[in-house]
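Trainee: For this note's numbering, add 928 to where a residue sits in the sequence shown, where the first one is 1.
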Amino acid sequence: MSAEQLVGRIAPRGTWCSLRIVRTTAESFAVRDDVLLPPNCTEDFGAMVTVVDGKEMGLAATSDLSEAGLYQAARVAREWAQASVGRGVLDFSAAPNNVKYRKLCFLYKMKHSCDFYPILKISCRFFFSRIL
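#1: Do residue 1005 and residue 977 have their C-beta atoms within less than 7 Å of each other?
#2: With 16 other CB atoms within 10 Å as the buried threshold, where does residue 996 fall?
#3: Compare the C-alpha of residue 981 against each of 966, 1015, 932, 942 and name the closest.
#4: From 985, 990, 957, 946, pick the residue whose C-alpha is nearest to that of residue 1015; which is it?
#5: Measure the alpha-carbon distance for residue 1018 versus residue 983 and round it to whole angstroms.
#6: Taking the runs of the beta strand (DSSP E) that are 3 residues or longer, which of them lie wholly in the segment 952-979?
#7: On a CA-only basis, which of 949, 937, 936, 944 is nearest residue 989? Give me that one, please.
#8: Since I believe residue 998 is in contact with residue 938 (beta carbons under 8 Å), could you give me their beta-carbon distance rounded to a whole number of angstroms?
#9: On the CB-based measure, 16 or more other CB atoms within 10 Å of its CB, does residue 1033 come out buried or exposed?
#10: On the three-state DSSP scale, how would you describe residue 997?
#11: Short of 7 Å in beta carbon distance, which residues of its chain neighbour residue 970, apart from the five on each side in sequence? Order them along the chain.
#12: In angstroms, rounded to a whole number, what distance separates the CA positions of residue 1021 and residue 935?
#13: Does the beta-carbon of residue 993 have 16 or more other beta-carbons within 10 angstroms, so that it is buried, or is it exposed?
As C-alpha cells, this is what we get:
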C-alpha cells in the first residue's frame, strides 16, 4: 500500500489529513563533578497525524504505526480540531491542501561515540580513563 492510499484510508471523511513518520536517534553526553559520564542513547519512532476539519486543525501523535493505530490517531486529531472551533486564530480551510513536500536532512553518522569528541573538544582517552 502506498503512503497516499494509507492516508486516504485513515483520514476522517470530509477532512484534509497528513501523516508524518518520524524516527529520531540521539546520543547525549553529560558531565558531573568534572567527570564525563557514559553516553546516553535514545531512539524515538512514531507518527504525527494532522487533520484540518473546516477552519480548525488538530494534531495527534502515536507510536502505534499499524493502520488501526494511525486510524485512531486521525480520529483523535479530528476531535482536537472540533474542540477548537471558535477558539482558533487562523482559518486553516484557506490553506492549500495539495502541497508537495521535499525534505532535506542533515545527518552526522558516527561509528562510535568517540567520533563526536573532536566536535566537543574532549579527549577520547580522557573519557575512557574516567569511566573505567
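Note that CB positions come from ideal geometry on N, CA and C, so glycine has one too.
Since we're looking at a predicted model, the values are computed, not measured.
Mentor: Let me lay it out:
#1: yes
#2: exposed
#3: 942
#4: 985
#5: 8 Å
#6: none
#7: 949
#8: 5 Å
#9: Only weak support is given to the placement of residue 1033: the predicted model assigns it a pLDDT of 45, under 50, and the value that follows is read from those uncertain coordinates. Exposed, because fewer than 16 other Cβ atoms sit within 10 Å of the Cβ of residue 1033.
#10: helix
#11: 954
#12: 19 Å
#13: exposed
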